[in-house]
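Protein chains in written order, with the working numbering: chain A, 65 to 293; chain B, 65 to 293.
The following block contains the structure:
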């Protein structure tokens, strides 16, 4: 079919953890793709053309031939079916379950509290929201401790190799680390940095992911610019 | 392998939408299983034996031979790999993506607001929390309207046949309907019931799911008792 021969096109914005998951999966599977970097501040997510692709006006959107795909986890599941090597949802039924278990637990217990930490810090409201940030950090620490423990048994979160669980959690963990490194966040004493002291196995896992060939292509360009400035 | 010949055992509690998803999937796939009905009020979720199965102390837990599986979506993915007929995550890559898209959208946009409606009603705090319930209902209506629209194109939410998307959303929709039928909720005028007036296609979809052979076995026993009382 023509559709499976066309290169996928990924619509993304810099720093979106949701889009980052998909970029990492494309690198892991070594799938060549066309990159469409959008800018939210320029209204790129609200154009008629983009809203036709995703009425919710959000990235990532992956187009592949006739197909238009939204929601990062759905795109990961699609990529694993279209480009099966290496598998990112496990090879056996039990591995598939472990990948979805880790992702489900992340969504139910960690993603929300992480947002309550990261969002106010990026919005310049760290001092104002300090109390809720500290409350959310208690949940974050409790979940990170579980992940740290599981990494004592295996180098990856769900299976023997890198999986969609690692690719789903990494951008959010990385985004939390970046937020925690802002001066206003450092003042709060979140107990997260340096990660290698607080969570040494998680720090090693972060480094392992950053060794994926092609990882550099997925790194948020505006983070790099901020570092260079 | 012995493990795939053993009957799966499902640990569940009456009325848990998460456990109900798995029970429906077992019926759709006609997988015989051993039912372990637990009672939260008797402390069944806090026993050492149960916490060994799931340290989070939550249902559903499915054991299958040597495997212990937690998190309802992970269990659905597992069942689809172990018992592939009929497929509940689609036959083709694009269908798989549609199933996970609907589930992801439900988790991101509908599940939270539904909880803000259902939880206070069941807790006898409908009047006290009326303002937040009404605010949450605006999101619920906006998402139900999207589902209603999609059901205009097909009888099921994600693929040509019943899928994990239908099985995931149904128990939550049904639980919302039950909460909305309580006298304290009726007083709030949530605009949901009768469902066949507010959302006729969604009402037809509910009926369609309730025609699954074996559906009666999945119906929460304490709901039935409440009706009989």
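Ideal Cβ placement from N, Cα and C applies to all residues, glycine included.
As the structure is a prediction and not an experimental result, all values here were calculated from the model.
Taken through DSSP and simplified to helix, strand or coil, residue 186(A) comes out as helix. DSSP lists 77(B) as the bridge partner or partners of residue 102(B). With respect to residue 231(A), residue 140(A) sits close: the two C-beta atoms are nearer than 8 Å. Using a 10 angstroms sphere on the CB of residue 238(B), the tally of other CB atoms reaches 16 or more, which defines it as buried. Within the DSSP bridge table, the entry for residue 132(B) names 127(B) as partners. Annotation for residue 234(B): the continuous alpha helix (DSSP H) segment containing it runs 228-244. Here the region 214-226 of chain B lies against the region 157-168 of chain B, with 3 or more beta-carbon pairs under 8 Å apart.
Within 7 Å of the CB of residue 168(B), the CB atoms of chain A belong to 135, 137, 138, in sequence order along the chain. Non-local C-beta neighbours of residue 240(A) in its own chain, meaning closer than 8 Å and more than five positions away in sequence, comprise 178, 181, 182, 204, 256, ordered along the chain.
For the region 151-178 of chain A, the residues whose beta carbon sits under 7 Å from a beta carbon of chain B are, in order, 157, 158, 160, 161, 164, 165, 168, 169, 171.
Within chain B, 157, 160 have C-beta atoms less than 7 Å from the C-beta of residue 145(A), given in sequence order.
By the neighbour-count criterion, in which 16 or more other beta carbons inside 10 Å mark a residue as buried, residue 98(B) falls on the exposed side. In the same chain as residue 196(B), and ignoring 5 residues on each side of it, the C-beta atoms closer than 7 Å to its own belong to 180, in chain order.
In the DSSP annotation of this structure, the continuous segment of the alpha helix (DSSP H) that includes residue 208(A) starts and ends at 194-214. Annotation: Cβ neighbours of residue 141(A) in chain B (cutoff 7 Å, chain order): 160, 161, 164. Exclusion of the five residues before and after residue 282(B) leaves 84, 87, 88, 91 as the residues of its chain whose Cβ lies within less than 7 Å of its Cβ. When Cβ-Cβ separations below 8 Å define contact, residue 97(B) makes no contact with chain A. Taking a Cβ-Cβ cut-off of 8 Å, the neighbours of residue 131(B) in chain A comprise 158, 161, given in sequence order.
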